[in-house]
Each structure stands twice: as C-alpha cells, then as structure tokens.
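Numbering (my numbering), first residue to last: 4 to 427. Positions of the beta carbon are idealized from the N, C-alpha and C atoms, including for glycine. Fair warning: this is a prediction, and the values are worked out from it, not measured in the lab. Structure first, then comments.
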Amino acid sequence: MFGTALGIGVLLALVGCTATEGCVAPQDMVSQLLQRLEGSVNFEEAANPSVLLAMNLAGGDSDGPIHKWLLQEIKEEAVRRAQKDMTSGQVALHVLALLSSCQDPQHVHALEQTLDLIRVLQQKTDEEMAKLEAEGVPNTTLYSLALDTLALCLAEAGGAQGPSVALAKQLLSPERHLSVDTRAMVALALSCVYNYVELQDVQQLLQQALWTVSNSFLDEQEKRNGMIGNIYSMGLALQALEATRKFYAPRKWDCAQAFSVVYADYQQPMAMAQVLPALVGRSYLDVAGLDCAATKDMFPSRQLPLSPKLGTRGIPRASIQVHYSITNKLQGKHFHYSTTVTVPSGSTLLRVMEVAAEENPQTFSFQTEQTSWGPYVTSIHGLAGSKDDRTYWQFLSAGNALEEGVGTYKPHDGEHIQAIFSTY
Ligand code: B12
C-alpha cells in the first residue's frame with residue numbers, strides 16, 4: 004500500500020501543466036488508477052454510476068466487459084428504481100453516466116421498457132426547489148441539487164436555470180457555510196448553466212458566484228500547501244478549478260501543487276471516481292463534449308484487479324484498545340454510554356463497533372446501509388438518523404469530525420471515538 008502511495012507521489016511530481024490544455028497527470032498514473040477502479044467493480048453489488056462516468060471521462064475501454072456490464076445495470080436500475088425510490092441526485096448521476104456513455108437519457112431502454120429519465124429528473128428537481136423555496140432547505144442536500152442542475156444542463160434539458168440561481172444565492176450567502184465538496188459541485192453546475200443563460204442579471208449572478216468560489220479554492224490551496232478541504236474533496240475541487248478557469252483569470256492556478264496533494268492511495272471506488280477525471284484534465288462538464296462517434300481506445304485493454312492486498316491470514320496482529328462512546332443530547336430520551344474494546348491493530352472502526360455490540364448488544368447495537376462510499380451508519384442504540392429531520396450519527400476523534408466512514412477509518416491504540424447524534 005505504501006509502495007503505491009509513494010509511486011503515485013513520485014509520478015505526481017511529473018504532472019504536466021500547459022496554459023491551454025490544463026493539467027494532466029502522467030499516463031502511467033492514470034492507467035493505474037483506472038485499472039484499480041475497474042478492478043473494484045463487483046458484479047454482485049449494485050452498479051455505481053459515478054464509476055462508469057469516471058471510466059468514460061478518463062478514456063477507459065468502452066468495449067470491455069466491465070463497461071458493458073455497468074452500462075446495462077445502470078439502465079436497468081434506472082428503469083426499475085428511478086421513479087420510485089431514487090433521490091434526485093441518484094437520478095442525476097444515472098443521467099451523467101448515460102450521457103458519458105453516449106446514451107440518450109430521454110429514451111432509456113431496458114427490461115422491455117423505455118423511460119424518459121430526464122422527465123423524472125425534472126420532476127425530482129422541482130420537488131427539491133419547492134422545498135428549498137418554502138423551507139430554506141431542499142429535500143436532500145444542496146450537493147444533490149447541484150448534481151441535478153448539472154445533469155439537466157449537460158442534457159440540454161429545461162429546468163436548470165431556476166436551480167442555478169438558487170444555488171448561486173446560497174453560495175454567496177454569508178450565513179451559509181457550504182463544504183468544499185458542495186461548493187465544487189455547485190461550481191460545476193453553474194459553469195455549465197452560465198454558457199446557456201441569456202438574461203444579463205442571471206449571468207452576472209452566476210459569474211459572481213463562480214468568481215467567489217474559484218478564488219476561495221485558490222486562496223485555500225495557497226494557504227494549505229495544495230490542500231482544498233480534505234483529500235476526499237480534492238477530486239471535485241480540482242474538477243471545479245479546471246472548469247472555472249475563465250472566472251478567475253487572469254489569476255493563475257498552480258495545478259501541479261494541487262495535484263501533488265492527491266498522493267493518497269485511494270481505496271474507495273468513489274474517491275478514485277471523483278479524482279480520475281481531474282487527473283486527465285477533465286471535469287464532469289466534459290460529458291457534453293465526448294466524441295461519441297470515435298472509438299475510444301486510449302489505453303490497452305487490461306484485466307488487472309485492485310492492487311494486491313497484503314495477506315494477513317496467519318500473521319498474528321498486536322491488539323489495540325479503542326475507547327468508544329455514543330451520545331444523544333438532541334432528541335427524545337438523552338443518553339451517553341462509553342466502553343473500551345480490544346481489537347487487532349489495523350481494524351476498522353466498523354469492527355470496533357461490532358465488538359462493542361457483541362459485548363453489550365443492549366447498548367451498542369447499530370445498523371448500517373450500504374452506499375456508494377461504503378457502509379453508512381443509520382442507527383445506534385435504536386436511534387436512527389432521518390432525512391426529514393436532517394439528523395445523522397456523526398463520528399469524531401478528539402473533537403474533530405472523521406474524514407472517513409466507519410468501513411475505512413482505522414483507529415489507533417488508545418484513541419477515543421465519539422458517535423454523536425447531530426444535525427446537518
Ligand atoms: C451530503 C453528504 C453527507 C450528508 C448525507 C445526508 C443526505 N441525506 O444526503 C451527511 C451530512 C449526513 C453526511 C455524513 C457523513 N459524511 Co458525508 N458527504 C456528503 C457529500 C457532500 C455528498 C454526498 C451525496 O449527496 N452524493 C450524491 C448522492 C446522489 O449520491 P449517494 O450515493 O446517494 O450519496 C449518499 C452517500 O454519499 C451517503 N453518504 C454521505 N456521506 C457519507 C459518508 C460515508 C462514509 C458513507 C459510507 C456514506 C455517506 O449519503 C448520501 C445521501 O444518501 C459527500 C461529498 C462527496 N465528495 O461525495 C460527503 C462525503 C461522502 N462524506 C464524508 C464523510 C467522512 C461523512 C461522515 C463519516 C462524517 C463524520 N465524521 O461523521 C458522515 C457519515 C457518518 C455515518 N453515519 O456513517 C466523506 C467520505 C470520505 C470517505 N473517504 O469515506 C465525503 C466524501 C466528504 C469529504 N470530502 O470528506 N455526509
């Protein structure tokens with residue numbers, strides 16, 4: 004693992020930057036990430052539209068079996084679930100994946116049906132907007148509303164301008180502290196809409212929002228030696244800086260410095276999928292400009308799986324102790340419980356929680372749901388987060404929110420992990 008990280012770090016030192024073409028990482032590195040992304044695809048699990056989108060943008064082999072399987076599954080999933088139980092953002096990701104595969108999202112054929120996925124997206128976006136206007140928050144999140152707007156805009160369908168104005172206002176509002184990921188997704192959406200808007204005052208508003216967000220990213224990069232947000236927001240931040248060049252001109256972007264931060268040995272397919280387009284100098288905006296007539300074969304076909312994991316079976320691992328507490332001071336009957344569990348070193352937080360629950364199920368039982376980023380903790384001690392109340396279980400260490408989920412984060416010996424029922 005360390006070897007891969009180091010390799011990527013060294014390769015990144017070679018990032019190529021030109022004023023006209025933008026920044027491109029060395030092809031070896033792109034191929035390696037692309038291979039690992041393809042290797043992460045599991046035919047037993049739900050197909051992830053962000054993975055197909057990234058493969059298409061990074062020039063993956065569109066005739067390969069993985070690509071074909073993903074595309075077919077994404078179409079079937081859209082026909083099966085889009086109307087009933089997908090959020091607007093999930094529909095938007097399916098639209099982007101289809102557009103990047105040169106498919107018409109207005110006519111999705113699968114399972115002997117045809118679905119107009121754009122219509123579904125327009126309806127769900129309207130619902131998000133109605134809630135935002137009435138209550139100041141959308142049904143899901145501003146991140147999802149930005150995805151919706153981006154997908155509607157790239158599909159050249161109606162309905163992107165209203166949300167883009169609302170998003171620009173949210174972005175410029177001093178009371179709103181939007182995360183880097185959300186601001187980056189909003190920037191991608193606004194830069195698409197900007198190209199189509201005719202009304203001058205709308206154009207000015209979008210321009211102001213885009214100037215503000217791109218300059219704030221450049222300022223943060225300068226202050227933090229390349230980092231914008233955390234390593235998992237870098238993918239979208241790089242894409243946004245790539246797509247908004249004209250809004251911060253004549254200011255220059257030291258893209259080599261920003262790329263140098265993306266040294267991480269990303270394990271999660273979602274993390275790889277968000278960073279890959281940026282490494283080939285592209286962003287989600289380039290979905291619209293893909294050459295659907297050309298046969299894409301930038302990289303030789305390959306069947307490599309994920310980087311080999313070190314075999315751990317048979318090698319005894321030292322134990323560590325992790326202090327774990329759960330707190331609810333927000334809703335219903337308040338509670339606070341603590342425990343200390345012993346697990347093999349290198350265990351994930353999920354394992355720590357499982358051991359706590361095995362030892363004391365009455366108190367520490369919990370539930371998870373599989374998502375594109377891995378297992379998401381939906382409830383602890385019988386108390387579940389809710390989309391309506393905008394509550395969730397937040398995880399902290401030494402008072403700081405963890406930057407990874409329970410399936411990825413590996414606590415160290417003596418660490419105190421807190422799960423606190425919070426609002427977002
Ligand atoms: C919105 C959001 C949230 C919202 C989701 C609420 C909602 N109803 O939408 C809230 C605030 C609850 C949230 C919580 C967390 N989040 Co969050 N979140 C995001 C964000 C900005 C957008 C996700 C999204 O809407 N995608 C679009 C929709 C259409 O796709 P989706 O697959 O349906 O999205 C779902 C999942 O992404 C899931 N989700 C959201 N965050 C996380 C985090 C983890 C670890 C998992 C497994 C799932 C998950 O909720 C989404 C909506 O249902 C991403 C940014 C990004 N770059 O992707 C970060 C992001 C995914 N979150 C992150 C983190 C770390 C967390 C927390 C672990 C933070 C913490 N310290 O507690 C918690 C999860 C704890 C838990 N209970 O398991 C990281 C994950 C990094 C990683 N390597 O795993 C990201 C990338 C942000 C970042 N740059 O650090 N998050």
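The closest CA to that of V44, considering only P414, M273, V140 and A149, is found on M273.
Beta-bridge partners of G377 (DSSP): T374. Not a single heavy atom of ligand 1 lies less than 7 Å from the C-beta of T215.
Taking every protein chain shown into account, the CB of R39 has 16 or more other CB atoms within 10 angstroms, so this residue is buried.
In this structure the segment 167 to 179 does not touch the segment 224 to 243; the number of beta carbon pairs closer than 8 Å is below three. For H110, the three-state secondary structure derived from DSSP is coil.
For Y199, there is no enclosing alpha helix (DSSP H), as DSSP gives it neither H nor E. Of the candidates Y395, K390, G417 and P414, the residue whose Cα lies closest to the Cα of V140 is K390. With distances taken between CA atoms, L135 lies nearest to V168 out of C105, Q116 and V168. In the DSSP assignment, P280 falls within the unbroken alpha helix (DSSP H) covering P272 to L282.
Here S103 is buried, its C-beta having at least 16 other C-beta atoms within 10 Å.
H384 carries a coil assignment under DSSP once its states are collapsed to helix, strand and coil.
With a threshold of 7 Å, the Cβ atom of P280 does not count as near ligand 1, since no heavy atom of the ligand is closer than that.
8 Å or more divides the Cβ of P52 from the Cβ of A85. E406 and Q35 have their alpha carbons spaced roughly 24 Å apart.
Put simply, the backbone Cα of Y251 is about 42 Å away from that of H419. Secondary structure of I231 (DSSP, three-state): coil.
Look at F369 here: in three-state DSSP terms it is strand.
F46 counts as exposed, since fewer than 16 other C-beta atoms from the protein chains shown sit within 10 angstroms of its C-beta. Secondary structure in the segment 393 to 419: the beta strand (DSSP E) runs of 3 residues or longer, each lying completely within the stretch, are 394 to 400 in chain order. Residue nearest to V380 within the set N363, F424, G161 and F338 is F424 (criterion: CA-CA distance).
Residue nearest to G165 within the set Y146, V200, V183 and R186 is V200 (criterion: CA-CA distance). Separation of the CB atoms of M237 and V278 is rounded to 6 Å, and the pair is thereby assigned contact status at 8 Å.
D66 has its alpha-carbon roughly 43 Å from the corresponding atom of A387. In the three-state reduction of the DSSP assignment, H70 falls in the helix class.
Between ligand 1 and L386, a heavy atom-to-CB distance of less than 7 Å is absent. In the three-state DSSP reduction, L153 falls in the helix class (H, G or I).
Inter-residue distance for D268 and Y235 is about 11 Å (C-alpha atoms, whole angstroms). A residue is called buried once 16 or more other Cβ atoms fall within 10 Å of its Cβ, and T152 is buried on that count.
Apart from sequence neighbours up to five positions away, the residues of its chain that approach R320 with a beta-carbon distance below 7 Å are P347, S348 and G349, ordered along the chain. Distance check between A281 and each of D31, A57 and E48 places A57 closest, using alpha-carbon atoms only. Comparing C-alpha distances from A291 to each of K71, A154 and E115 shows the shortest one belongs to A154. V82 places its beta carbon 8 Å or farther from that of L60. Ranked by Cα distance from L399, the first of L221, Q421, Y412 and K336 is Q421. Going by beta carbons, T144 and A190 fall outside the 8 Å limit. If you compare the alpha carbons of V123, Q75 and L73 with that of M89, the shortest gap goes to V123.
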